[in-house]
Amino acid sequence: MTTLHVNGQEYTLDGVDPEMPLLWALRDHAGLRGTKFGCGMAQCGACTVHVDGRAVRSCVYPVGDLGDREVTTIEGLSADGGHALQRAWTAHQVPQCGYCQPGQIMAAAALLSENERPDDAAIDTAMSGNICRCGTYQRIRAAIKTAAEGK
Amino acid sequence: MIANVSRRSFLKGLAGAGGLVLGVQLSPVAVLLDDQEGDEAQPFEPSIWLSIDTDGLVTIVAHRSEMGTGIRTSLPMIVADELEADWDRVRIEQAVGDRRYGSQNTDGSHSIRAFHDGMRRAGAAARQMLETAAAEAWDVDERECTARLHTVVHEPSGRSADFGELVSSARELPVPDAGNLVFKTRDEWRYVGKDVPIIDSVGITTGAARFGLDVVLDGMKFAMIERCPVLGGTLSSLDADDTLAVPGVEQVIELPRYEGSPAFQALGGVAVIAKDTWSALQGRRALQLTWDEGANATYDSTTYAETLLESARRPGAVMRESGDVDAAMAAAAETIEADYELPHLAHAPMEPPCAVAQVTADGCEAWAPTQNPQAAQGMVASALGLSPDQVTIHVTLLGGGFGRKSKPDYVVEAALLAKQIGAPVKLTWTREDDIRHDYYHTVAAIHMQAGLDGDGRPTAWLQRSAFPPIGSTFDARARSGGAGEMGQGFSDIPFAIPNLRCENGPADGHVRIGWLRSVCNIFHAFAVSSFADELAAAAERDPLDYLLELIGEPRRIDLRAQGVPYSNYGGSAEDYPIDTGRLRHVLQLAAGKAGWGRELPEREGLGIAVHRSFLCYVAMAVHVRVDDRGRIAIPRVDVGVDCGLAVHPDRVRAQMEGSAVFGTSLALTGQITASAGRIDQSNFHDYTVARMNAAPREVHVHLVENEEPPGGVGEPGVPPFAPALCNAIFAATGQRIRSLPLSRHDLSKA
Ligand code: FES
Ligand code: FES
């Protein structure tokens, strides 16, 4: 038995190998599929979630290492999609295909929780681990700034 | 032709009880590669469906796949607009693969142009029927009844009725003839030409949106397939003991190699079936197998590049000729030549290929992020020995496509496995699978030669390209691109040069070749636009002025009238001529917005290129900064776009912004290489794509407004980017780039 604390809830999962990356535990066992798979080797950021408030690559984070830490996924970022970043994402019409965006938003949320008014350099540093093959970077940057100003 | 099909049974619930349903029949649309996708050229098939239920809820079927262009929003907008529907009372339903919709192959940047008119007709017919129903109910003149925002109003009496109140009588009416449809005028458009938020926006930002990889069925197993690292190899030995010992692994299944040419077939290999993705992955790692790699094991992309260049330097098949090139070349004051080389690319959509399938006694049902559900349906049917109507393909959202997901091999794999294990199965491709087993963008070599007069203007022009064609994936004997691929930015070169010849050299394919966002336009535009810049430099002329002179006076070029075999992306020469006036206009627009001609600091430069593809005109002016260590930054790109009618201007802008980033990826680092038949790259660490810190900092998109019919948008932004960037690098450093990616070149200060 493995117990996960995700989005304020407890998930008791059966038959989960402690080596299994958090990504697959979330997707295949906890039914939380908002977190995406893109590379499986910490290269693309599609799988970004928060562990105790910090952005991590869930595709390389073994569930066995979690202990009691609290996981937040895109589903738990806000109750109703009303997080400042989610609103800014819609206002700027950031998504194209949308597949990378949960990871982008989670990375941006971790950035804003550490730096309320990130400048371009800080945004570059925080966000360059997240690939968007559709090329929405310019709108991501703009949306992060909008969300930061709205705080 | 439009038929009222409200009472027909095959609508499978879409109609809602007592609703009004309209089907529209459209002429078929010739699309890219139609010779390989003959099943979509069926004439007179219904292509869209619209229903209104008695509560007034309008359901519009999106029959094209959403992979990021916004098509699930923009095509329904056209229907809703003409219908005078309230967008808040419209829901979108994604169509399954079904030939009755006409072509669903979301490819070739043709969704809007192929279906714009039909969508308008569907909306207008429904609106007129609602107006007629109201007039009859009120016993007034139909011409006095007007639909306005989900309500039909009778102005003189002030009566009004909601659409929902009218459907039960409207559905009994005959559908107006196409000739009797009255369309809204442009100034009456409510949604078309406006920026409507995409319908999947909230789902995407909350994690609720469902992509292919997110599909789950009861009792579903998880599969991964190990495929031969060399195309066409076969399994020679398999030891699955270690795999079967991995907890969670349930079965190991051998899939036979494809027969004949790969086409859209499953590649074959060894599948591991497990209780979850991680177990399947662990089990696959434990497989012990050896392959008989076959003839492609000799493929080495470095030596192949030399062979390809030799082919481009020899006379090839003449695809277009005017004047006497050889005589003019011999008489020229000076001749200049240059060779350009571009590598294979992988699509690498963020969501790798994946599919869920289940097979029952009744047939097969599959869920997949596919650009081409009809091809998936046909291929699954033939692989399983079923008829197409026993196969249902549900189209999920696509986490990117770029042409990769037009090929349904992965859906076939899932279906074969589902049949074999007798349970629903989800097949996941890892990123490594995706990069190593793609339908690659082809590798190309291009030879350019110009004979110049005393002022440095070309009097003779010879261009020749060689590349393994897409056809080689479908028939190993295919060695030439033919009119289709040569017509992508090469035989349709719009320059006013009296003596001009375009040739195509042969080349063999050793990997699966597919189409990737803008296809052959990538390398053709690179060669043509780079060479134009080289000639301007040789003549010591301003590149923009020189390019405008090459394009010549505003005029319409009709290649087919000149005897050049040219598909024009399926567009007619009347509606979609090659219009050099529009080409000039976007070029001047981009240049003007970029501040062309202004002084820039040392090692900064502006470069420009213009290209027409997919019936759309795009110019890009790229501002580059190259630091002393040779690192490239792109502070700004100005894009001039003339796509005719822009149904959704914000999504047009988004596609251009994305194209600049896609172009950055292929220009800076994009290359797939092969050694001993195996692809050298495997994931985003060695097949790198542009991240935020490398992408253009600002992309400014300038849309031309005119009365022209809609052209394509998803692809045409890609071709001009790389040559504009490399021309900018020349302006900044004096270094001429003739091969991509730029990571092959040392741009540090000498
Ligand atoms: S899937 Fe985890 S970083 Fe790519
Ligand atoms: S929106 Fe498609 S990958 Fe980012």
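Going down the list, the protein sequences come from chains E and H.
All you need for my numbering is the position in the first sequence, starting with 1, plus 117.
All you need for my numbering is the position in the second sequence, starting with 1, plus 70.
Where is the CB? At the ideal position from N, CA and C, for every residue including glycine.
Are there 16 or more other CB atoms within 10 angstroms of the CB of residue i, so buried, or fewer, so exposed?
i	result
residue 324(H)	exposed
residue 494(H)	buried
residue 822(H)	The question about residue 822(H) has no answer, for chain H in this structure spans 71 to 820.
residue 102(H)	Bear in mind that the predicted position of residue 102(H) carries a pLDDT of just 26, short of 50, making it unreliable; the figure below should be weighed with that in mind. By the 10 Å Cβ count, residue 102(H) comes out buried.
residue 440(H)	buried
residue 594(H)	buried
residue 189(H)	buried
residue 801(H)	buried
According to DSSP, residue i sits in a beta bridge with which residue or residues?
i	result
residue 296(H)	340(H)
residue 323(H)	341(H)
residue 463(H)	436(H)
residue 511(H)	415(H)
residue 256(E)	Paired residue(s): none; residue 256(E) is not in a bridge.
residue 572(H)	390(H) and 533(H)
residue 519(H)	407(H) and 532(H)
residue 291(H)	495(H)
residue 167(E)	172(E) and 189(E)
residue 783(H)	Bridge partners of residue 783(H): none, in fact.
Following a CB-centred definition, is residue i positioned closer than 7 Å to any heavy atom of ligand 1?
i	result
residue 823(H)	Only positions 71 to 820 of chain H appear in the structure, and residue 823(H) is not among them; the question remains open.
residue 157(E)	yes
residue 160(E)	yes
residue 424(H)	no
residue 154(E)	yes
residue 418(H)	no
residue 760(H)	no
residue 172(E)	no
residue 686(H)	no
residue 224(E)	no
residue 215(H)	no
Cβ of residue i within 7 Å of any heavy atom in ligand 2?
i	result
residue 273(H)	no
residue 726(H)	no
residue 212(E)	yes
residue 215(E)	yes
residue 253(E)	yes
residue 218(E)	yes
residue 250(E)	yes
residue 557(H)	no
residue 470(H)	yes
residue 138(H)	yes
Quick check on residue i - is its C-beta less than 8 Å from some C-beta in chain A?
i	result
residue 131(E)	Of the protein chains in the structure, E and H, none is chain A.
Give the residues from the region 574–599 of chain H that approach chain E closer than 9 Å (Cβ to any Cβ), ordered along the chain.
none
Any C-beta of chain E within less than 7 Å: which residues of the region 344–375 of chain H qualify?
346, 347 and 348
Residues of the region 201–216 of chain E with a CB closer than 7 Å to any CB of chain H: list them in chain order, please.
203, 206, 207, 210, 212, 213, 214, 215 and 216
Can we say the region 159–175 of chain H touches the region 458–465 of chain H, given the rule of at least three CB pairs closer than 8 Å?
yes
Are three or more beta carbon pairs between the region 200–207 of chain H and the region 803–811 of chain H nearer than 8 Å?
no
Cβ pair count under 8 Å reaching 3, the region 327–337 of chain H against the region 294–310 of chain H
yes
Does the region 757–766 of chain H touch the region 374–382 of chain H, meaning 3 or more C-beta pairs lie closer than 8 Å?
no
Members of the region 395–421 of chain H near chain E, C-beta cut-off 7 Å
418, 419, 420 and 421
For the region 155–186 of chain E, which residues have a beta carbon sitting closer than 8 Å to at least one beta carbon of chain H?
155, 156, 157, 158, 160, 161 and 163
The region 736–757 of chain H: which residues have C-beta closer than 7 Å to a C-beta of chain E, in chain order?
753, 754 and 755
Evaluate contact between the region 668–677 of chain H and the region 639–654 of chain H, counting only Cβ atoms and requiring at least three cross-stretch pairs below 8 Å.
no
Identify each residue in the region 246–258 of chain E for which the Cβ-Cβ distance to at least one residue of chain H is less than 9 Å, and report them in chain order.
246, 247, 248, 249, 250, 251, 252, 253, 254, 255, 256, 257 and 258
Pull out every residue of the region 227–239 of chain E whose Cβ sits closer than 7 Å to any Cβ of chain H, in chain order.
none
Flag this pair as touching only if the region 615–628 of chain H and the region 648–668 of chain H have three or more C-beta atom pairs under 8 Å; answer yes or no.
yes
Evaluate contact between the region 216–229 of chain E and the region 182–197 of chain E, counting only Cβ atoms and requiring at least three cross-stretch pairs below 8 Å.
yes
Measuring CB atoms only, is the region 563–583 of chain H touching the region 510–520 of chain H, in the sense that at least three cross pairs come out at less than 8 Å?
yes
Do three or more CB pairs link the region 135–154 of chain H to the region 244–260 of chain H at distances below 8 Å?
yes
Report yes or no: do the region 712–728 of chain H and the region 771–786 of chain H share at least 3 C-beta pairs separated by less than 8 Å?
yes
When Cβ atoms are compared, which residues of the region 249–283 of chain H fall closer than 9 Å to chain E?
265, 267, 268, 270, 271, 272, 273, 274, 275, 276, 277, 278, 279, 280, 281 and 283
Short of 9 Å Cβ to Cβ, which residues in the region 141–153 of chain E face chain H?
141, 142, 144, 145, 146, 148, 149, 150, 151, 152 and 153
Does the count of Cβ pairs from the region 792–805 of chain H and the region 734–744 of chain H closer than 8 Å reach three?
yes
Any chance the region 126–145 of chain E sits against the region 167–184 of chain E, with 3 or more Cβ pairs inside 8 Å?
yes
With three or more C-beta pairs closer than 8 Å as the rule, is the region 380–400 of chain H touching the region 526–536 of chain H?
yes
Residues of the region 495–528 of chain H in Cβ contact with chain E at a cutoff of 7 Å, in chain order, please.
500 and 501
Against chain E: residues of the region 788–804 of chain H by CB proximity under 8 Å
none
By the 8 Å beta-carbon criterion, what residues does the region 123–138 of chain H contribute toward chain E?
136, 137 and 138
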